[in-house]
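Residue numbers (my numbering), protein chains in the order written: chain A, 1 to 420; chain B, 1 to 411.
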């Protein structure tokens, strides 16, 4: 039983390893870990002796703790270590890299790594992302505690358990962001977008690839346009099409309009026909106009429907629509006749016709008008959505109040990464 | 048609190189050039060409790293050289940049004083408006202000022409190297390099390129951006030296401060030159005072893994907000308190800058030659000779500057 208790990687690195006679065998340079159950475990030390690297397997260790490390073998039987890219090394691959703190939905750095004894093995139990980790690495954890005590505070332990990190794969050497999938989908898409926009582009893209289609679609619509285009162009067409299809048509159109025409066409071909037609129509409008920000997913019911029929239809149609609080009454020629709020529909008698209870004094905007004009109407009349109707009375779509808020106050991830 | 397409392409990538290079001419830069022109006329002009070349060599590597890795220099240093290296480098950067902020706010105070405003009003006004602009304003607004402020540097070009120098000797002095073997001349020529190639701008450039998300395919355009930016910086420096060299040097007027130069210009060149010089100084100082503390707070937090962002509160990003706010508050305080050790602070800042630069440059060179990181975009063998030689020269010169700052030569 060579290892008991707990130890931080910073307490081991550069420590002297002794041979059975108590002579200097070398200094610890790194630790090799492999995936294990339940936690990844240390399989060997890499030690440095006379400027050369040697491989010291875990079985050959006699004692391993923060005070003393000793081996069962002598210098003659040490195996030289050749650098292999697919080995996972604590110092080289994990320490100082960025990871996602799922609790705070932010990107932090690994300041230290905590190991613990488990059935004769040393397992990776947690990473330290707090101030303590930094102080320990600098060798002044005690001093830090003393200073904190002066201010009557205590230094918190900020550890993230390995349970919350994705199972180890050699892939980790390339991408430093890890977080299990199920936790990822629990994060709010806006938080995911924040995370993606605060790491480098390459990392952001592979982080994004780990998301399920639904979360991916929502997170994508929260990102700024250039980043959306980058991520979608790096994906294979099938998956890109799946994600675009999942998005609201207006947002899908925004993403596609930033892609090269060829690529956009290719993706459109992989999208279900009806959805693709909606998107294509939206693509025809200028970006800053009412037509450019509208969505085609709205509730349009016929005037000769009864309230009961409408309520029944609502149950199926409302799944797809972005805004369900207004029901638009549209005739067979797709001309807008009136509007009914959800409240009015719910309190009306079941056998009334929609044509009888609808509001006909309509506030609309033309597709070619400026987006700010739409914003003004929405603000003036306190609407949740505004129908986009052309000069012939045909209804093209609606502009929802959250599209307007996005224009007036872009979410953080849509602005710039940093403010410098 | 193709021509326009190329131009549009360049405009989309342009920015980081040009903005970085412009902010490089902050209060201390302008002071150095004014002093150099007034003291030695055109004879120091030739140093600008080698300085520009050295600047381009270094900035090109930094820009390349930003494009290929998509990360900032402080991120890379932390990830490849560990927390100790990163910590001490950030500590140094923090001290040096605190000095830079003081220098910039002092430049702002001096320019306001000669324009007839009290520094006890203008320094707090400047500090508070910087703080509000950055923490409460939107990024787009800040960016517009920065770009407009960069344009104001051309005031120096105008003043250079207004000075009506004889262009033949000026151009000759710019291309034919000459040497005067006295300590003041040597010190000033080194100071020109020292004020042009600074540690913080390497961090600033790489981050702004990484954050702009410039891709490998756009790298050539980005390189052009860097080259143009470096050239503009030194063109501005050129005109500052020419103005002071034409108007002040023949009368033997010595100046120690950029603001003194502005005052001295008044009787010789009239109201306009005086106004241009003092307003440009005010602009450059304020611009530096906006960027330097903000950049410092960002790099420190990034390297240490702390939350950063100007839209965050003190509770969400405590380290970031404290570093940013305290830098500005303390710097303003130092300037307004009579008897504060301003000179000592400037010396300290120059020394720390000088000590930091070799490390920054050597780490940058090691990183840019790291194949795992840069792939096929590492330096070529020839380029490595050039860059190591450049870096070695800069290190020798700045260590000379550091030594002589600590032990002033009398002679």
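All C-beta atoms, glycine included, are put in the ideal place defined by N, C-alpha and C. From a predicted model like this one, the values you see are computed outputs, not experimental measurements.
The beta carbon of residue 278(B) is closer than 6 Å to those of 111, 114, 115, 262 in its chain, skipping five residues each way along the sequence. For residue 136(A), the enclosing alpha helix (DSSP H) starts and ends at 131-137.
Residue range 61-64 is occupied by the beta strand (DSSP E) that includes residue 62(A), with no alpha helix (DSSP H) assigned at that position. Here residue 270(A) is not near residue 367(A), since their CB atoms are 7 Å or more apart. Look at residue 254(A) here: in three-state DSSP terms it is helix. Three or more Cβ pairs closer than 8 Å define a contact, and the segment 29-37 of chain A falls short of that threshold against the segment 139-157 of chain A. Looking at the backbone, the Cα of residue 98(B) and that of residue 331(B) are separated by about 7 Å. Setting aside the 5 residues that flank it on each side, residue 23(B) is surrounded in the same chain by 287, 288, 291, each with a C-beta closer than 7 Å to its C-beta; the list follows chain order. Counting of Cβ neighbours within 10 angstroms places residue 389(A) among the buried residues, the total reaching 16 or more. In this structure, the straight-line span from the alpha carbon of residue 45(B) to that of residue 259(B) is close to 21 Å. Taking residue 291(A) as the centre and dropping the five residues before and after it, the same chain places the C-beta of 282, 284, 285, 367, 368, 388, 396, 397 closer than 8 Å to its C-beta, in chain order. Considering only beta carbons, no part of the segment 147-161 of chain B lies closer than 7 Å to chain A. Between residue 402(B) and residue 87(B), the alpha-carbon positions lie close to 22 Å from each other.
In this structure, residue 194(B) sits away from residue 276(B), with a CB-CB distance that is not shorter than 7 Å. Residue 278(A) is classed as buried because its beta carbon has at least 16 other beta carbons within 10 Å across all chains shown.
Taking a cut-off of 8 Å for Cβ pairs, the segment 82-100 of chain A and the segment 78-87 of chain B touch, as three or more such pairs fall below it. For residue 330(A), the pairing in a beta bridge is given by DSSP as 336(A).
In terms of beta-carbon proximity, residue 7(A) stays away from the interface with chain B, with every pair separated by 7 Å or more.
Here DSSP, grouped into helix, strand and coil, assigns residue 128(A) to strand. Annotated three-state conformation of residue 31(A) is strand, per DSSP. Going by beta carbons, residue 378(A) and residue 340(A) fall outside the 7 Å limit. Chain B has no Cβ within less than 7 Å of the Cβ of residue 136(A).
Listed along chain B are 305, each with a C-beta nearer than 7 Å to that of residue 108(A). The segment 89-109 of chain B and the segment 332-343 of chain B touch, with three or more beta-carbon pairs separated by less than 8 Å. Going by beta carbons, residue 248(A) and residue 295(A) fall inside the 7 Å limit.
Beta-bridge pairing by DSSP links residue 172(B) to no other residue. When DSSP states are grouped into helix, strand and coil, residue 259(A) belongs to the coil group. Spatial neighbours of residue 106(B) in its own chain (CB-CB distance under 6 Å, excluding positions within 5 residues in sequence) are listed in chain order as 335. Rounded to whole angstroms, the Cβ separation of residue 195(A) and residue 107(A) is 6 Å, and the two are in contact under 8 Å.
In this structure the segment 229-238 of chain B touches the segment 20-37 of chain B; the number of beta carbon pairs closer than 8 Å is three or more.
Only those residues of the segment 225-239 of chain A whose C-beta falls short of 8 Å from the nearest C-beta of chain B are listed: 226, 227, 230. For the segment 74-93 of chain B, the set of positions with a beta-carbon nearer than 7 Å to some beta-carbon of chain A reads 78, 79, 82, 83, 84, 87 in chain order. Neighbours of residue 288(B) in chain A, taken as residues at a C-beta separation under 8 Å, are lacking, since the least C-beta distance is about 13 Å.
In summary, the residues of the segment 91-102 of chain A whose CB is separated from some CB of chain B by less than 7 Å are 96, 97, in the order they occur in the chain.
Proximity to residue 280(A) across 250(A), 79(A), 394(A) peaks at 250(A), based on C-alpha coordinates. Distance between residue 177(B) and residue 187(B), taken at the CA atoms: about 16 Å.
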